[in-house]
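Asker:
There are 4 protein chains.
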Amino acid sequence: MSEKKGILQRLAEGPVVGDGSMCFILEKRGYAKAGPWTPEAVIEYPDAVLQLHKEYVRSGADVVQTASFYSNDDKLAYGRKGEEVIHTSAEINDAACKLAKKAADENGCLVCGGFSPVPSYKKSGVEAARVEYRKQAKVYQEHDVDFVMAEFFHDINEIELCASEMKKLNKPIALCMRVGLMGDVNGVSPEECAIRMAKTGAEIIGTNCSYDTDTSLKVMKRIVNALKKEDLHPYLICQPIGYVCPDAENSPIGFYSLIEYPLCLDPRSMTRIEAHKFAREAWEIGVRYIGGCCGFEPHHIRAIAQELAAERGRKPPVEDMAQAFGGEYFKTSLVSDIASGETATREYWMNMKPGFGRPFNPSCSKPKEVKFN
Amino acid sequence: MSEKKGILQRLAEGPVVGDGSMCFILEKRGYAKAGPWTPEAVIEYPDAVLQLHKEYVRSGADVVQTASFYSNDDKLAYGRKGEEVIHTSAEINDAACKLAKKAADENGCLVCGGFSPVPSYKKSGVEAARVEYRKQAKVYQEHDVDFVMAEFFHDINEIELCASEMKKLNKPIALCMRVGLMGDVNGVSPEECAIRMAKTGAEIIGTNCSYDTDTSLKVMKRIVNALKKEDLHPYLICQPIGYVCPDAENSPIGFYSLIEYPLCLDPRSMTRIEAHKFAREAWEIGVRYIGGCCGFEPHHIRAIAQELAAERGRKPPVEDMAQAFGGEYFKTSLVSDIASGETATREYWMNMKPGFGRPFNPSCSKPKEVKFN
Amino acid sequence: MSEKKGILQRLAEGPVVGDGSMCFILEKRGYAKAGPWTPEAVIEYPDAVLQLHKEYVRSGADVVQTASFYSNDDKLAYGRKGEEVIHTSAEINDAACKLAKKAADENGCLVCGGFSPVPSYKKSGVEAARVEYRKQAKVYQEHDVDFVMAEFFHDINEIELCASEMKKLNKPIALCMRVGLMGDVNGVSPEECAIRMAKTGAEIIGTNCSYDTDTSLKVMKRIVNALKKEDLHPYLICQPIGYVCPDAENSPIGFYSLIEYPLCLDPRSMTRIEAHKFAREAWEIGVRYIGGCCGFEPHHIRAIAQELAAERGRKPPVEDMAQAFGGEYFKTSLVSDIASGETATREYWMNMKPGFGRPFNPSCSKPKEVKFN
Amino acid sequence: MSEKKGILQRLAEGPVVGDGSMCFILEKRGYAKAGPWTPEAVIEYPDAVLQLHKEYVRSGADVVQTASFYSNDDKLAYGRKGEEVIHTSAEINDAACKLAKKAADENGCLVCGGFSPVPSYKKSGVEAARVEYRKQAKVYQEHDVDFVMAEFFHDINEIELCASEMKKLNKPIALCMRVGLMGDVNGVSPEECAIRMAKTGAEIIGTNCSYDTDTSLKVMKRIVNALKKEDLHPYLICQPIGYVCPDAENSPIGFYSLIEYPLCLDPRSMTRIEAHKFAREAWEIGVRYIGGCCGFEPHHIRAIAQELAAERGRKPPVEDMAQAFGGEYFKTSLVSDIASGETATREYWMNMKPGFGRPFNPSCSKPKEVKFN
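Note that the protein sequences, when read in sequence, are chains A, B, C and D.
Position 120 of the first sequence, counting from 1, maps to 120 under the working numbering, and the rest follow consecutively.
Position 302 of the second sequence, counting from 1, maps to 302 under the working numbering, and the rest follow consecutively.
Position 229 of the third sequence, counting from 1, maps to 229 under the working numbering, and the rest follow consecutively.
Position 263 of the fourth sequence, counting from 1, maps to 263 under the working numbering, and the rest follow consecutively.
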């Protein structure tokens with residue numbers, strides 16, 4: 001693994017493609033619970049987790065994130081409420097690292113060790129939270145992951161605390177907050193969050209989860225401008241959700257406020273074409289690390305890799321089966337039953353407005369109202 | 001395997017749950033080509049195919065269909081146009097049987113060997129077609145599959161021919177046509193198709209593919225009435241597509257006429273709730289074998305198994321992770337961030353009309369016009 | 001008036017433009033009750049009725065229908081239930097004729113005396129109904145209207161009865177039924193209704209009310225084919241409603257089944273562009289008398305007259321204020337704030353798909369179920 | 001007229017109902033040009049203008065605004081580009097006053113003389129603009145109108161100038177700007193616009209035109225808060241457009257940016273129920289003068305008067321024909337064909353979400369982009 005290019009070198013050279021959703025896709029496949037998103041799957045259903053990792057690798061991801069979302073001991077206890085906690089976060093994260101490495105090795109990808117917020121931070125204070133972060137860090141050190149990422153943080157103060165622990169690992173650091181136009185849980189603006197994240201010394205900062213690609217790009221544009229004014233130059237990352245939800249743009253919790261969450265989001269699933277558009281726009285505004293969060297499936301990640309193939313100088317492994325916009329064979333009589341010559345083009349797919357087949361349903365839903373204390 | 005209940009006994013006892021989509025889901029995951037739907041995946045990517053089979057088994061399917069759609073030699077040549085054909089249909093179907101058995105054994109499921117239409121029928125005539133069917137049959141005999149199914153046939157004459165070859169296997173037979181309200185490729189009504197399929201002696205008949213659950217159930221109701229009048233009593237099967245498309249109801253080729261086909265169907269994906277409703281209604285009108293075709297994912301199949309759990313006397317294996325409508329833990333404060341107590345109910349989910357998040361897109365699209373010579 | 005061309009001569013020469021909605025438009029303006037559609041307005045608010053007549057004349061209508069819908073004595077009693085009946089149908093129809101003539105004279109238009117179904121037909125039998133029709137006929141004779149029209153009939157038997165009374169007037173006769181794809185109140189097909197109407201000797205037959213332009217044209221196409229087969233050649237008339245409601249196509253009572261009826265139909269209002277398309281298609285399939293029923297407003301009628309201006313050899317009087325698709329002055333900088341040069345064209349307006357501004361509402365609604373005994 | 005209560009007394013006592021759209025409704029009826037909105041109608045088609053005035057009076061309006069929108073000499077020349085200007089603004093405004101008075105007298109309503117922006121302000125400077133305003137003022141003085149209103153102003157500086165001329169009339173003054181969330185043509189915020197309007201000494205200030213009821217109420221809420229902070233207490237007026245267009249909320253020119261403008265706005269027409277909701281919410285946030293602008297029809301104005309009947313202590317004249325939500329007779333078997341007993345209630349109509357019948361059209365459209373120099 002020593003000869004692999006590191007994350008910073010890759011970012012210096014061009015676009016880095018992140019991987020997609022683990023929790024939501026494992027839930028659809030039957031290996032995670034909607035709600036606690038049970039990271040225990042890495043121990044209980046390792047083949048299923050490994051298979052999904054491999055799909056993202058095959059789709060062109062540069063990075064495999066460990067499937068350790070919310071794997072810290074106090075959250076695990078919470079997720080298993082009323083049931084015995086069987087696996088410690090250390091055991092889970094250890095298994096997660098092994099699976100991520102196995103998949104990453106298939107295509108020379110990097111392993112990224114993930115940090116999530118810890119309930120202790122709010123319940124038991126700063127020191128209790130540090131203990132949790134250290135337990136997470138210890139596993140990533142043992143497995144010598146390529147870099148680490150904190151994600152899904154909703155409080156700039158907490159991610160700063162986490163970053164202070166991450167730094168002790170002497171690895172490149174990425175910090176991602178789930179902030180929308182209204183900022184973090186205390187209303188700290190995305191601009192200020194970005195500046196403060198950059199000032200921790202993290203090499204990569206940005207947003208993940210909660211908002212769709214359109215809202216996330218609006219936030220990233222504000223971040224780009226704010227950092228420029230402060231003369232700060234971290235690499236930028238954006239990993240939004242794969243569900244289209246402009247109606248959740250003005251909720252402080254984003255798509256968690258949707259009445260369809262979490263069981264009926266299917267009609268909001270992005271198309272691969274929408275992923276092409278996201279990748280192009282993200283790259284153009286200056287985002288270098290482009291991937292997905294909840295709801296991103298392999299065909300979305302490969303659309304990112306295909307859209308940016310020229311900038312990256314390579315196409316994803318999946319090209320043997322799936323080329324962008326159908327590829328050349330869509331233009332042959334071979335598939336004349338599906339797409340005629342003139343429609344098998346980038347133009348056709350980029351301009352077509354897909355319907356959703358439900359004339360008795362509305363386009364948007366009224367999100368639930370959420371207020372923080 | 002000798003002690004497993006056979007398909008006919010299971011049908012006699014209650015609902016049988018079929019499995020879901022192989023082609024479309026493998027395409028999203030990166031292991032099949034949109035268009036030819038390349039069954040070669042069973043040789044080239046066996047882990048991915050096996051994993052998907054297992055997901056359907058875990059979701060509660062009683063049956064694992066061999067992943068051998070369109071695996072006959074003249075179609076394979078067509079699918080690889082311009083490229084060398086590497087694998088014969090015999091090799092592919094052999095591999096497909098092994099994978100299906102492996103997955104089926106995990107939960108005492110049945111293996112179903114699949115027959116697809118053969119291009120030879122139209123191009124080279126009846127005898128050429130027989131040769132192809134026999135090659136398919138030979139593999140299923142060698143592997144001693146539990147029963148056989150012809151599906152995706154669009155011509156009642158061709159499925160009758162295929163059935164005449166299937167009968168030589170001395171196994172239970174299922175026959176499925178992709179007929180909508182307008183009937184088969186020659187305009188033979190669904191009623192007449194059903195009667196003729198039943199008169200072949202096939203124990204199970206019905207429809208699969210091309211149309212969504214609503215249209216397919218309209219067709220099945222007409223079939224129910226027609227068979228009753230003729231005093232014919234085969235078991236009924238319905239395996240529709242998992243994309244909602246009332247706008248394709250009046251096209252003779254169903255969802256193949258959609259402008260979104262095959263790359264942008266995501267917003268039309270059924271929700272699991274729509275799968276619950278389909279399962280309930282199918283059962284009530286007299287369908288016994290209820291599964292899915294293109295676009296059905298594991299969470300749809302488990303919705304069928306969960307909806308009919310009482311009638312089947314058991315819940316699917318996936319219940320450890322995913323219960324119907326979120327299950328009990330949705331009602332605890334545990335997931336108070338996602339669903340409050342009052343919304344975590346069957347009523348909530350069955351009555352909620354999901355939006356699709358795209359106010360600038362229409363509900364429906366104008367299908368391409370298709371005419372047969 | 002003796003030199004005016006009669007209705008039959010006009011029909012022989014080219015398209016005849018009918019007028020639009022009286023009841024629904026007077027209701028919006030405050031002069032009629034939603035439900036009984038109180039024709040008493042001709043006595044109580046003559047200025048308002050006359051003004052609306054004049055708007056249709058100015059829009060290019062060839063015909064002014066008397067505002068006497070449902071003005072027969074047993075229906076009037078019904079409409080005023082619980083209140084004293086003040087005006088007899090004879091008084092109302094007399095006033096209606098005077099107003100229609102006054103408006104018609106402004107542009108050399110024809111006056112058409114209208115017959116509506118009578119509740120007596122079902123309640124009290126054929127002879128009671130004849131008495132009502134005769135009272136209607138008497139007024140039209142006294143005023144020497146140019147021709148007579150029976151409309152809104154839902155039972156082929158009743159309109160045949162009415163026609164037998166109309167014939168005694170020795171005037172050209174038009175017969176219109178509110179039949180959809182499922183036929184009349186007893187399920188008599190539109191084809192059979194049309195043939196039987198033609199066989200009464202009526203010179204003009206067709207449909208009005210209940211269904212939108214798309215559904216009505218589907219019905220008219222079936223009628224065209226049926227009459228051709230029977231070698232019958234009446235002039236054809238089509239006066240559909242001005243509300244778009246494909247969701248009501250399969251209801252035996254059409255738009256009366258809509259949950260929005262009668263107070264919330266505004267978002268379903270046709271655009272003038274949709275009226276252009278209706279006029280063109282109606283003319284092309286062979287309809288000669290083209291107008292509107294409930295919901296058609298003056299700008300819809302003028303769109304018909306403008307669409308068929310070449311075929312009619314003249315433009316409507318309203319051209320001084322309103323030309324088709326905005327006319328020439330839309331292309332000047334004059335209105336650069338509203339429409340730039342390139343958008344002020346027939347192509348722009350004919351291809352533009354208007355939105356309705358309510359992303360939280362569905363496109364269609366589930367009509368109420370209606371069954372006849 | 002001396003015994004009529006004046007506008008300020010009426011506002012002191014409770015809600016004042018404004019009238020509705022003249023330009024757009026006269027255009028639909030065939031008496032005004034889309035674009036220049038030709039006020040010449042008052043001379044050329046006085047009956048049509050008078051009839052529309054009367055409909056608003058009958059609907060419950062307290063005020064009849066003179067139909068003199070954009071009737072100043074330099075705008076008239078502009079509107080008639082390439083044609084001879086036949087009528088001076090003085091002649092038009094004189095005729096407009098006579099018609100407004102005639103209609104107002106039918107129900108003891110007030111006559112309001114309207115001022116519109118003048119192109120001279122930008123083209124020829126402040127003094128040229130003053131000349132135009134004085135010509136408008138002179139006519140209103142001669143006719144001794146009850147109060148005056150400046151409306152449709154997009155520049156706070158210009159309306160201040162206009163107000164300085166209006167003050168010389170010694171009549172109550174209302175000032176309305178077409179400001180949205182982004183403020184006036186120079187980006188002056190709605191808050192600052194409101195404060196500056198109030199500081200002119202005008203008794204009534206607020207917004208009209210350009211934005212729909214939802215957007216306008218958002219703006220009014222901001223105005224309410226801003227005036228409170230400044231301890232300013234003018235009466236508030238809100239007269240938004242009658243087309244639903246959330247998609248135009250972020251355009252500086254509001255609904256003028258819609259691709260449907262001005263010929264295809266029908267599907268965006270408010271329902272009367274939406275007018276009820278607007279009236280209620282406007283009243284609750286503190287707006288006292290509630291009416292409509294472009295697109296408001298008589299049935300919308302009467303919905304305002306009916307919604308606020310209790311607060312006003314009276315129902316509108318139109319109650320003899322049209323009661324709120326259908327009234328009592330909707331509950332009788334009389335209209336059982338339209339609305340059953342249980343649906344003829346306020347609850348039914350207030351909760352029903354009307355569809356628009358066009359599943360192939362989107363909910364919203366992308367407005368044209370507009371930038372000011």
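Every residue gets a Cβ at the ideal spot worked out from N, C-alpha and C, and that includes glycine.
Would you call the region 46-62 of chain B and the region 275-285 of chain B in contact, with 3 or more CB pairs under 8 Å?
Answerer: Result no; under three Cβ-Cβ pairs closer than 8 Å.
Asker: Could you give the first and the last residue of the continuous beta strand (DSSP E) run that contains Glu151 (chain C)?
Answerer: That run of the beta strand (DSSP E) goes 147-153.
Asker: Can you pull the chain C residues whose beta carbon is under 7 Å from the beta carbon of Met270 (chain D), in chain order?
Answerer: Those are Asp266, listed as they occur along chain C.
Asker: Got a sec, what are the start and stop residues for the alpha helix (DSSP H) Ile159 (chain A) sits in?
Answerer: Per DSSP, Ile159 (chain A) belongs to the alpha helix (DSSP H) from 156-166.
Asker: Pick out whichever of C:Ala282, C:Thr343, C:Glu328, C:Glu369 has its Cα sitting closest to the Cα of Gly14 (chain C).
Answerer: That would be C:Ala282, whose Cα lies nearest to the Cα of Gly14 (chain C).
Asker: Alpha helix (DSSP H) containing Leu217 (chain A): first to last residue?
Answerer: Looking at the DSSP string, the run of the alpha helix (DSSP H) that includes Leu217 (chain A) is 213-230.
Asker: Which chain C residues sit within Cβ distance under 8 Å of Pro359 (chain A)?
Answerer: Residues of chain C passing the Cβ test: Asp247, Pro362, Ser363, Cys364.
Asker: From A:Gln323, A:Ile195, A:Glu151, A:Val145, pick the residue whose C-alpha is nearest to that of Lys228 (chain A); which is it?
Answerer: Selected option, being the one with the closest Cα: A:Ile195.
Asker: Taking 8 Å as the cut-off, does the region 68-77 of chain B touch the region 103-111 of chain B (at least 3 CB pairs, one atom from each stretch)?
Answerer: Result no; under three Cβ-Cβ pairs closer than 8 Å.
Asker: Which whole-angstrom value is the C-beta distance of Pro117 (chain D) and Ser257 (chain D), which I expect to be below 8 Å?
Answerer: That belief does not hold up - the Cβ atoms of Pro117 (chain D) and Ser257 (chain D) are roughly 18 Å apart, past 8 Å.
Asker: Verify whether the separation of the beta carbon atoms of Val139 (chain A) and Val179 (chain A) is less than 8 Å.
Answerer: Going by C-beta atoms, Val139 (chain A) is not nearer than 8 Å to Val179 (chain A).
Asker: Counting C-beta neighbours from all protein chains within 10 Å, is the total for Ser251 (chain B) 16 or more, i.e. buried, or is it exposed?
Answerer: By the neighbour-count rule (16 or more Cβ atoms within 10 Å), Ser251 (chain B) is buried.
Asker: Between Val219 (chain D) and chain C, is the shortest Cβ-Cβ distance under 8 Å, so that the two count as touching?
Answerer: Chain C, which has no Cβ nearer than 8 Å to the Cβ of Val219 (chain D), makes this no.
Asker: With contact counted as at least three CB pairs below 8 Å, one residue from each stretch, are the region 9-28 of chain C and the region 37-48 of chain C in contact?
Answerer: With the cut-off at 8 Å, the region 9-28 of chain C and the region 37-48 of chain C touch.
Asker: Using three-state DSSP, classify Ile25 (chain B) as helix, strand or coil.
Answerer: Three-state DSSP puts Ile25 (chain B) in a helix.
Asker: Could you give the distance in angstroms between the alpha-carbon of Thr345 (chain C) and the alpha-carbon of Ala303 (chain C)?
Answerer: Straight-line Cα distance between these residues: approximately 15 Å.
Asker: Between which two residues does the beta strand (DSSP E) carrying Leu169 (chain A) extend?
Answerer: Looking at the DSSP string, Leu169 (chain A) is not in any beta strand (DSSP E), and its letter there is neither H nor E.
Asker: Do Tyr121 (chain A) and Glu158 (chain A) have their C-beta atoms closer together than 8 Å?
Answerer: Taking 8 Å as the Cβ cut-off, Tyr121 (chain A) and Glu158 (chain A) qualify as a contacting pair.
Asker: Measuring straight from C-alpha to C-alpha, what distance separates Ser336 (chain C) and Arg10 (chain C)?
Answerer: Legend: pLDDT at Ser336 (chain C) = 46, less than 50; position of this residue unreliable, value from coordinates given subsequently. Spanning the two alpha carbons is a distance of roughly 41 Å.
Asker: Just tell me which of D:Gly187, D:His154, D:Ala32, D:Phe360 has its CA closest to the CA of Glu319 (chain C).
Answerer: Of the candidates D:Gly187, D:His154, D:Ala32, D:Phe360, the one whose C-alpha sits nearest the C-alpha of Glu319 (chain C) is D:Ala32.
Asker: Helix, strand or coil: how does DSSP classify Met177 (chain B) here?
Answerer: Strand, per DSSP.
Asker: So, at 6 Å on beta carbons, what are the nonlocal neighbours of Ala248 (chain D) in its own chain, with the 5 sequence-adjacent residues on each side left out?
Answerer: Only Gly254, Phe255, Ser257, Leu258, Pro367 meet the Cβ criterion.
Asker: Nearest by alpha-carbon distance to Glu307 (chain B): which of B:Cys293, B:Gly327, B:Pro354 is it?
Answerer: Of the candidates B:Cys293, B:Gly327, B:Pro354, the one whose C-alpha sits nearest the C-alpha of Glu307 (chain B) is B:Gly327.
Asker: In chain order, which alpha helix (DSSP H) runs of at least 4 residues are fully inside the region 80-130 of chain B?
Answerer: Runs found: 89-104, 120-123.
Asker: Using beta-carbon positions only, say whether Leu263 (chain C) and Ala90 (chain C) come within less than 8 Å of one another.
Answerer: No. Outside cutoff.
Asker: Can you check whether the CB of Ile205 (chain C) is closer than 8 Å to the CB of Leu236 (chain C)?
Answerer: Their beta carbons are under 8 Å apart, which means Leu236 (chain C) touches Ile205 (chain C) by this criterion.
Asker: List the whole-angstrom C-beta distance separating Leu52 (chain D) from Leu26 (chain D), where the pair is believed to meet the contact cut-off of C-beta under 8 Å.
Answerer: Contact holds; Cβ gap of about 7 Å.
Asker: Starting from Ile205 (chain D), follow its DSSP beta bridges and name the residues at the other end.
Answerer: DSSP, once it has assigned bridges, lists D:Leu175, D:Leu236 as partnering Ile205 (chain D).
Asker: By the criterion of Cβ-Cβ separation under 7 Å, what are the contact partners of Val318 (chain C) in chain D?
Answerer: Those are Gly30, listed as they occur along chain D.
Asker: Under 6 Å Cβ to Cβ from Cys193 (chain D), same chain only, skipping five residues before and after it: list those, please.
Answerer: Cβ neighbours of Cys193 (chain D) beyond the five flanking positions: Ile156, Met177, Val179, Asp184.
Asker: Helix or strand or just coil, what does DSSP make of Val63 (chain B)?
Answerer: Three-state DSSP puts Val63 (chain B) in a strand.
Asker: If we ignore side chains and look at the alpha-carbon of each, how far apart do Glu439 (chain A) and Lys199 (chain A) end up?
Answerer: No answer is possible for residue 439 (chain A): the residues shown for chain A start at 1 and end at 373.
Asker: What's the gap between the Cα of Leu232 (chain C) and the Cα of Glu297 (chain D)?
Answerer: If you take the alpha carbons of Leu232 (chain C) and Glu297 (chain D), they lie about 45 Å apart.
Asker: So, helix, strand or coil for Pro367 (chain A), using DSSP?
Answerer: Three-state result, Pro367 (chain A): coil.
Asker: Using a C-beta cutoff of 8 Å, does Ala375 (chain B) count as contacting chain A?
Answerer: For chain B, the structure presents residues 1 to 373; residue 375 (chain B) sits outside this window and is missing.
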